[in-house]
Amino acid sequence: MTTSIKIPAPLRKLTGNQAVVETEAETLIDLISDLDKKYPGIKEKIYDGKEIRRFINVFVNGEDVRFKDGIKTKITKGSEVSIVPAIAGG
């Protein structure tokens with residue numbers, strides 16, 4: 069069983085307009101690396117080399133990874149990962 073990753077509209081140009089892609093990664097950093105191998109350029113949009121970019125939120129099974137183990141967050145098979153750009157306004 070694989071992990072489903074929901075791709076936000078602004079990043080879909082990198083995934084050939086796919087809204088959902090799959091991986092078998094076991095941690096978030098492995099997932100990001102796997103995505104970048106399949107869809108070059110996506111890594112730099114969501115990861116700054118140390119952590120998830122400030123204006124990107126990543127959820128694993130509905131839980132914000134910032135409140136878990138960040139990029140070291142474990143991903144079990146069958147998990148659902150959502151990449152969500154933060155929206156700011158005033």
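Just so you know, we're using our numbering here: the sequence shown kicks off at 69 and counts up by one.
Just so it is clear, CB atoms sit at the ideal spot from N, CA and C, and this is done for glycine as well.
- For the options P78, I97 and P108, the alpha carbon positioned closest to that of G117 is the one of I97.
- For the segment 78-106, the full-length alpha helix (DSSP H) segments reaching 4 residues or more read 96-106 along the chain.
- Measuring C-alpha to C-alpha distances from A154 to each of M69, D137, S147 and D132 identifies D132 as the nearest.
- Taking N125 as reference, the option from T70, K81 and V152 with the minimal CA-CA separation is V152.
- Of the other Cβ atoms in all chains shown, 16 or more fall within 10 Å of the Cβ of T91; this residue is therefore buried.
- I120 sits in a strand when the DSSP states are folded into three classes.
- If the five residues before and after G84 are omitted, its C-beta is found closer than 7 Å to no C-beta atom of its own chain.
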